[in-house]
Amino acid sequence: MAKLIGTFRDLPHKLHLSSGGQAKASDKQLKQFKEFFDLGELCKIGFPDNATTIAHDPQLNLLAIGTKTGEILIYGAPGHEFSACHKDACEIKQLLFLPEEGRLVSLTSDNRLHKWELNENTSGSHSNWRLEHAADLLAGPADGADGQTATTMGLIGGDRLCLGYASGSVRLVEVKDWKFAESATSGEAIDKGLTEEARSQLHGWGSVVSIEASPTTGKQIAIGFSSGTVAVLNSSDCSLHSVAPGAAELRCLSWQTDASAIYTGHSDGSYAVWRADEPAEASRLLKTADNPQTVYGPFPCLPVTHLVHRTAKLGSITVLAGGMAKNTHADRHTVTLLREQSTSAWTCARQLSTWRCCARQAMAILARLAMTSHTLC
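Following full-length UniProt numbering, the numbering of the sequence shown begins with 1 at its first residue and continues without gaps.
So, in structure tokens, the structure goes:
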């Protein structure tokens, strides 16, 4: 403190006058000022800025958050936090944990897949853990030429990744060898394997917007295309199992807990339920359990951007994000819980910038809470 006060006391005598008669500090003085007053970042508190995606490992109880600047933060038990950053500061589009391995995969805006590992460092007197970059894989051209921009990914059984592209193609990645598998398909290839009757009921394909493996066996994967069509593929070789001919633009999909149905959310605020266990033998078309439901219709509604369905002894519950009437909730983020004949809604201000990355995980937690209690406040 005495040294700091002394620096200020001597300041008028140490300043040099420039040609214009104004006082000018020397480089040495500027360096001293920087040392005294420069603030260094010691730790980060609170939710990360510009979060874009989130992932959760329920077995290891780890939560990972990706940001727009390429930073990954992993939170475990209280006091345990790990962070790392991609070499190129690019936006993280999606994160996925490899179950019970302490590894995760990131998909970035420069069209690359990255594999990360939590490794123990025992070089010092005590061990500590670090998040380290293990490998990367180019998913396609960096500029996304010919529609080869990776849009989303899904995990199949913990040892393979299913990667969807803007062109409508689908490729598999072997996680252990970290290379592309030979199995691949696309909307056009699937179209050729359908009957004329089935093709007449489809509304095209478009880009891949959602991928989710069957929650029971993992032998089937549901691929959602922007046109509204959902293709259920066999995960072993990407061969076609069945097709759901949705009509409205698709925004999300989710399997029922027992894999007997697929729920789809659409841009017009509606959601549909497809019977995944009853495909037509000849056309392979899935049938809807009921007509598409617009919870807050018939007025124009916001898109259903996330959807989760869970079943339990207390009954089933459907949680969806969005779907509210545009004229009353256009500037709000909303979550709706549907349970038998009751409907509950939760709204928050549009300033919640992290909504896009937290919605699906938060909805899954709400669904579990609702199934373990008779009332939800």
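Ideal Cβ placement from N, Cα and C applies to all residues, glycine included.
Quick one: Cα of residue i to Cα of residue j, how far?
i	j	result
threonine 52	leucine 337	24 angstroms
glutamate 174	aspartate 191	26 angstroms
glycine 157	asparagine 327	43 angstroms
glutamate 340	isoleucine 317	8 angstroms
arginine 350	asparagine 121	Residue confidence for arginine 350 is low, a pLDDT of 47 falling below 50, so the modelled location carries little weight; the figure read from the coordinates is stated next. Using only the alpha carbons, I get a separation of about 43 angstroms.
alanine 198	leucine 250	19 angstroms
histidine 309	cysteine 90	33 angstroms
alanine 84	methionine 153	21 angstroms
methionine 324	phenylalanine 33	55 angstroms
cysteine 252	threonine 229	11 angstroms
glutamate 100	leucine 161	16 angstroms
threonine 149	leucine 302	27 angstroms
glycine 297	glycine 269	8 angstroms
glutamine 256	phenylalanine 37	57 angstroms
aspartate 136	lysine 68	18 angstroms
aspartate 331	asparagine 128	45 angstroms
aspartate 159	proline 215	15 angstroms
phenylalanine 47	histidine 333	18 angstroms
leucine 307	aspartate 27	60 angstroms
tryptophan 346	valine 335	5 angstroms
valine 319	leucine 172	30 angstroms
glutamate 117	serine 283	44 angstroms
alanine 321	glutamate 35	49 angstroms
Applying the 10 Å Cβ sphere with the 16-neighbour rule, what's the burial state of residue i?
i	result
serine 200	exposed
isoleucine 262	buried
leucine 138	exposed
leucine 30	exposed
threonine 343	exposed
serine 353	At serine 353, the pLDDT of 39 sits below 50, so the modelled position is not reliable and the matter cannot be decided from this model.
lysine 176	exposed
tryptophan 355	Any reading at tryptophan 355 is ruled out, since the residue's pLDDT is 43, under 50, leaving its predicted position unreliable.
Find the nearest neighbour of residue i within the set the options, judged by alpha-carbon distance.
i	options	result
alanine 55	Ile45, Leu73, Lys68	Leu73
glycine 140	Trp116, Ser109, Glu117	Ser109
threonine 195	Ala184, Leu172, Ser242, Pro292	Ser242
aspartate 57	Asp49, Gly102, Ile45	Gly102
arginine 130	Gln293, Gly168, Ser260, Gly76	Gly76
glycine 204	Leu172, Ser236, Ala231, Leu113	Ala231
threonine 311	Ala259, Asp88, Ala248	Ala259
alanine 244	Asn234, Ser207, Leu202	Leu202
glycine 168	Ala247, Pro292, Asn291, Thr185	Thr185
isoleucine 45	Leu62, His80, Gly70, Asn61	His80
leucine 63	Phe82, Ala247, Asn50	Phe82
Using beta carbons (cut-off 8 angstroms, strictly below), is residue i in contact with chain B?
i	result
histidine 306	The structure shown contains no chain B, having only a single protein chain.
- Considering only residues of the stretch 128-213, which uninterrupted alpha helix (DSSP H) runs meet the minimum length of 4 residues and lie entirely inside it, listed in chain order? Counting whole runs of 4 or more residues, the stretch 128-213 contains the alpha helix (DSSP H) stretches 187-192, 196-201.
- Check whether the stretch 183-190 touches the stretch 274-287, counting contact only when three or more Cβ pairs, one atom from each stretch, lie closer than 8 angstroms. Counting Cβ pairs under 8 angstroms, fewer than three are found: no touch.
- beta strand (DSSP E) segments (min. 3 residues) lying fully within the stretch 293-346: Listed in chain order, the complete beta strand (DSSP E) runs (minimum 3 residues) inside the stretch 293-346 are 304-312, 315-322, 332-339.
- Tell me the start and end of each unbroken beta strand (DSSP E) in the stretch 234-297 that is at least 3 residues and wholly inside, in chain order. DSSP runs (the beta strand (DSSP E)) wholly in the stretch 234-297: 240-245, 250-255, 261-266, 270-275.
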